[in-house]
Structures are given as C-alpha cells and as structure tokens.
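What follows is the structure, encoded as structure tokens:
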C-alpha cells in the first residue's frame, strides 16, 4: 500500500513539474531566440536573391567567371572580384595560420602561466581594433614601407617569378594581404589554442614517458590530435578575410581586372560593393552588386559551416577551458 502511495506521489510530482509555467516560458523564449536566427538568415537570402534576380536572369552562371564589369555598357561579371578575394584571403590564411599555430603552441606548451595570459590577451586585443584603423595604418605606414623597402626587396630577390615582379605601390594586393593577415590572426590563434589545450594530458605524458623530447611530443601527440581543429580555426579566419570590407577598400587600390602582379591594384567582392553601391548607374548595376553580395554570403556561410564541423570534431562539442 505504501509503495502504491509513493508511486502515485512521484507521478503527481513529475506532472506538476511539467506544468510549471516558468519552465514553459523559458522553453518558449529560448526556442523563439533560436528561430530568430533562422529567420534572419533566411530573410537575408530571400532579400538578396530577390534584389539580384534581374542580374541572375540576365547573366546566368557566367556571372561568376566573366571578368567584364562595365556599368556604362550594362555588362557585369564578378570574375575579377572573386579572383581578388581569393588571392588576398588565401595569402592571409596561409601566413596567419602559420604564425597563429606557433603562438598557440607557445601559450599552451611552453610559456608559464604568468606569461601565457598577458600574451594571449595582447594577441586577442588585435581583434578589438576597428577596421578603419587598420586601413589608415595600411595606407600611411604599411603602404610606404611596401613602396620603399619591402617591395623593392621582393622584386630584387624574386623578380624572376611572374607574379612577384612589377612596380611596388603603396596600395595594392600585397598591402591588402598583409592587413588581412594581421586582422585574422587573433581568430585563428584563439581557436587553435583551445583545440591544442583540449589534447588529453595523458597523451602528452605517455609520449614523454617513452623518452620523446618536447618537440617530438608536440609533433607526435599534439598536432595530429588537433589537426582538424586547427584547420577549422584557419577556415574561420578565412571567413573573416573573405568578408572584410573597410580596411581592404582603403588599401587594395580598387581597380577592375585580374591582377598580373602582387603589387597591382585590384578589387574584392566586399570592396566593390562598398565603393560602387552608392553610385549605381542603373537598376541592372544595382542588381549585379547585390548578386555579388549574394555570392559572398553563400561563400561565408559555407566556410563557417565547414569550420564549425572541424572544430567540433576535435572538441566533441565542448569548449576547452585553457590557461587555468
């Protein structure tokens, strides 16, 4: 009899817990917040597609590889902008990832806590600097350095290479590449640091117990385990580089056409939108710029999805607590 009474009481208690209005309200609020994100993303795709529809209907798939962009003639192709975006983003990806991984290894594996925390904060502080500040620094400081010192040194040493010859200019592809490298460095470093710190300590200790040096331990135990996460960090940085607008617009030179040299002025997809959208010459011109924005949005979403999947593969959905 007592068991039956307890069973009924437990069932009644569970039922009362399910009917608590606070739980229902909290569930509704967090569900609505999640739905807002989906609605915003869906709305972005819908608005950009509808705005770009005249250009999509007029030029079709050739819009992605055609390099002719002439508002006066009503002919538009985003090929040169995609090439400029690819060059600047891949350059920044390679160099920023190499630097960021070394910094992350130093913070997690080598530096004492008293050094690791300040260095980590200083690197992450780079992400807080506004884009316009990077752009002005690129124009007045980095541009002069490229024109007077770095550019001539590159042409003297590697001028035999087709893409590394030419006349060094204060604004051009090289300036944009270096600016993007600095801008995405904090993102790649922070995620790389997290995934490296997530490597099990027992895995490190096991390799060291077999007589491995610190470098051998990092090479055999840490980097293979964290490889997918580091790749995800790099792709997250790539997404930032692809979408960067103001700083790149100030330093890249803004010239339509596929560049022949790393020193040539060029356009990226983001910079052409920023430069020309307020000065459109026709409805078709506006639709073409919106289609460039649509292509940029699709690229950014795909890059972020791939990056998140790679990071989740290493961390198993858990955010590592590092430097504690």
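Numbering (the numbering used here), first residue to last: 191 to 514.
We put the beta carbon where it would ideally sit given N, CA and C, even for glycine.
With a 10 Å radius around the Cβ and a threshold of 16 neighbouring Cβ atoms, residue 350 comes out exposed. For residue 257, no alpha helix (DSSP H) run applies, since DSSP gives it neither H nor E. Separation of the CB atoms of residue 290 and residue 379 is rounded to 4 Å, and the pair is thereby assigned contact status at 8 Å. In this structure, the beta-carbon distance from residue 456 to residue 274 falls below 7 Å. Restricted to the stretch 227 to 299, the alpha helix (DSSP H) segments that are unbroken, complete and at least 4 residues in length are 269 to 295, listed in chain order. Linking residue 264 to residue 478 through their CA atoms gives a straight-line distance of about 10 Å. Between residue 330 and residue 315, the alpha-carbon positions lie close to 22 Å from each other. Spatial neighbours of residue 429 in its own chain (CB-CB distance under 6 Å, excluding positions within 5 residues in sequence) are listed in chain order as 490, 493, 494.
Excluding its 5 nearest sequence neighbours in each direction, residue 266 has C-beta neighbours in its own chain below 6 Å: 259, 478, listed in chain order. As far as DSSP is concerned, residue 317 takes part in no beta bridge. Annotation: the stretch 344 to 395 contains the following complete segments of the alpha helix (DSSP H) (minimum length 4 residues), in chain order: 363 to 387. Counting the other Cβ atoms within 10 Å of the Cβ of residue 251 gives fewer than 16, which makes it exposed. Counted as a single uninterrupted DSSP element, the stretch harbouring residue 400 is not any alpha helix (DSSP H), since DSSP gives it neither H nor E. Of 373, 269, 448, 480, the smallest CA-CA separation from residue 327 is found for 373.
The secondary-structure analysis by DSSP pairs residue 443 across a beta bridge with 456. Only residues of its own chain outside the window of five on either side were considered, and among them 324, 328, 437, 441 have a CB closer than 6 Å to the CB of residue 369, listed in chain order. Burial state of residue 225 is exposed, judged by a 10 Å Cβ sphere holding fewer than 16 other Cβ atoms.
Ranked by Cα distance from residue 320, the options 397, 361, 421, 435 are led by 435. For residue 406, the enclosing alpha helix (DSSP H) stretches over residues 404 to 407. Per DSSP, reduced to three states, the secondary structure at residue 342 is helical.
Sequence-distant Cβ neighbours of residue 398 in its own chain, meaning closer than 6 Å and more than five residues away, are 407. Closest in alpha carbon position to residue 338, among 417, 246, 453, is 453.
Residue 308 sits in a helix when the DSSP states are folded into three classes. Inter-residue distance for residue 322 and residue 404 is about 41 Å (C-alpha atoms, whole angstroms). Counting every other CB atom within 10 Å of its CB across the protein chains shown gives residue 221 a total below 16, marking it as exposed. The C-beta distance from residue 312 to residue 306 rounds to 11 Å, too long to fall under 8 Å, and the pair is not in contact. Of all alpha-carbon atoms in 409, 366, 416, 463, the one lying nearest the alpha-carbon of residue 282 is that of 366.
Assignment of residue 495 by DSSP, reduced to helix, strand and coil, places it in the helix class.
For residue 417, the enclosing alpha helix (DSSP H) covers residues 413 to 433.
Shown here for residue 294: same chain residues with a beta carbon closer than 7 Å to its own, the five before and five after excluded, namely 379, 382, 383, 386 in chain order. When C-beta atoms of the stretch 463 to 472 are compared with those of the stretch 353 to 364, fewer than three pairs fall below 8 Å, so the two segments do not count as touching. Here residue 261 has 471, 475 as same chain residues with Cβ atoms under 6 Å from its own Cβ, once five neighbours each way along the sequence are excluded.
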